Amino acid sequence: MYITINDLSFMFPFYSETDFQAALKQFIQICKELESSRCHNVAGITRVEIDKTFPIYPNGSLYKAIQHIEDNNEKKYFLSLLVNRGCRTQTSASAFLYQGKSSTACTAAKDDAVVSLESEEGLKEVSFQGEISAESVSIKNISRNEHILFYRDMLGLRIFEPNSEKHKKDRDNPYGKGKVASPMDLPDEEAQELLDRAVFIKNRLYARKGKNNYAFMNTIGCIYHGYIAADLGDDILTELNKTKWD
């Protein structure tokens, strides 16, 4: 899926440049997260045409504000969002109407989601209501980290939660009748990083770190636990060898 930049969110002015720059910094961070390896179902962000002359804060346009972004990497990334992404194909001429403003980009994104600058109270929520051809429509909205977690299944987020009762850190663990569980020796943070990179092979996620191969099992929803997989077949090892792990 593609996430579309919400052009409506650049049509509401801020009280000050300081407020705008803080909101823009958050917007950039959210976009980076959506385009990171963590959101496996997101193919990318699509750009829209934004009026850079609009007075986004008193005596200041978006064009002027861009020049005042202090972090050069953030400035380059934001400019790339405005210029170097593909535009979403408009499937309908009917515009989405919200708070007296209109957007055909939001119409095209109504079945997916938009990423928004928090320029207005309604854009701080996980969705916002408007109209398309006089019919009420709800748009999925992502403008803060809580929204990414809210839409975690849709975005393809993977969250590592250890099954420490079954998979001990330092030893094989007998459980049940004649069963032994392999250990999970990685700290949670390292396990999460590896889970984000893991690849599907035969409907299960596998990855490699150092000398060990790991399997990740789905616990529920987007929650996974993992363990050292020491007895993998040649077919799975062949697929794992296609990825550069270290």
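Going by the numbering used here, the first residue of the sequence shown is number 429, and it counts up by one from there.
From the three backbone atoms N, C-alpha and C, an ideal C-beta is built for every residue, glycine too.
In this text, all values refer to a predicted model and were calculated from it rather than measured experimentally.
Item: Alpha-carbon to alpha-carbon, Glu461 and Ile664; Value: 30 Å
Item: Sheet register partners of Val543 (DSSP bridge); Value: Ile433, Ile570
Item: C-beta contact flag for Ala482 and Ser547 at 8 Å; Value: The residue you asked about is not Ala; residue 482 is Phe in the sequence shown. Going by C-beta atoms, Phe482 is not nearer than 8 Å to Ser547.
Item: heavy atom of the ligand SAM below 7 Å from Ile458 C-beta; Value: This structure lacks the ligand SAM, and indeed carries no ligand of any kind.
Item: Residue closest to Leu585, alpha-carbon to alpha-carbon, out of Thr432, Trp673, Asn646; Value: Asn646
Item: Thr666 versus Phe588: straight-line alpha-carbon distance, rounded; Value: 25 Å
Item: Asn640 versus Leu660: straight-line alpha-carbon distance, rounded; Value: 11 Å
Item: Simplified DSSP state of Ala635, which is helix, strand or coil; Value: strand
Item: Own chain residues within Cβ distance below 7 Å of Ala523, not counting five before or after; Value: Ser530, Ser531, Thr532, Thr535
Item: Cβ pair Ser541, Tyr579 closer than 8 Å; Value: Position check: residue 541 holds Ala in this sequence, whereas Ser was assumed. Against a cut-off of 8 Å, the Cβ pair of Tyr579 and Ala541 comes out as a contact.
Item: Identity of the residue in Glu617, Phe442, Asp662 nearest His653 by Cα; Value: Glu617
Item: Touch test, the segment 488-499 against the segment 613-630, Cβ-Cβ under 8 Å, three pairs minimum; Value: no
Item: Inter-residue CB distance, Phe506 and Ile484 (contact presumed, cutoff 8 Å); Value: With 8 Å as the limit, Phe506 and Ile484 do not qualify as a contact, their Cβ atoms being about 13 Å apart.
Item: Through-space distance from Leu622 to Gly638, alpha-carbon basis; Value: 11 Å
Item: Sequence-distant residues of the same chain with beta carbon closer than 8 Å to Arg632, five excluded per side; Value: Ala643, Phe644, Met645
Item: Pairwise C-alpha distance: Leu583 and Gln527; Value: 27 Å
Item: Separation of Asp674 from Glu559, as counted between CA atoms; Value: 50 Å
Item: Supposed contact pair Ile473 and Glu463 - C-beta distance, whole angstroms, cut 8 Å; Value: 6 Å
Item: Sequence-distant residues of the same chain with beta carbon closer than 6 Å to Lys492, five excluded per side; Value: none
Item: Reference Ile433; option with closest CA among Tyr443, Asn469, Leu545; Value: Leu545
Item: Under the three-state DSSP convention, the category His643 falls into; Value: First, the residue type needs correcting, since residue 643 is Ala and not His in the sequence shown. Residue state, collapsed to three classes: strand.
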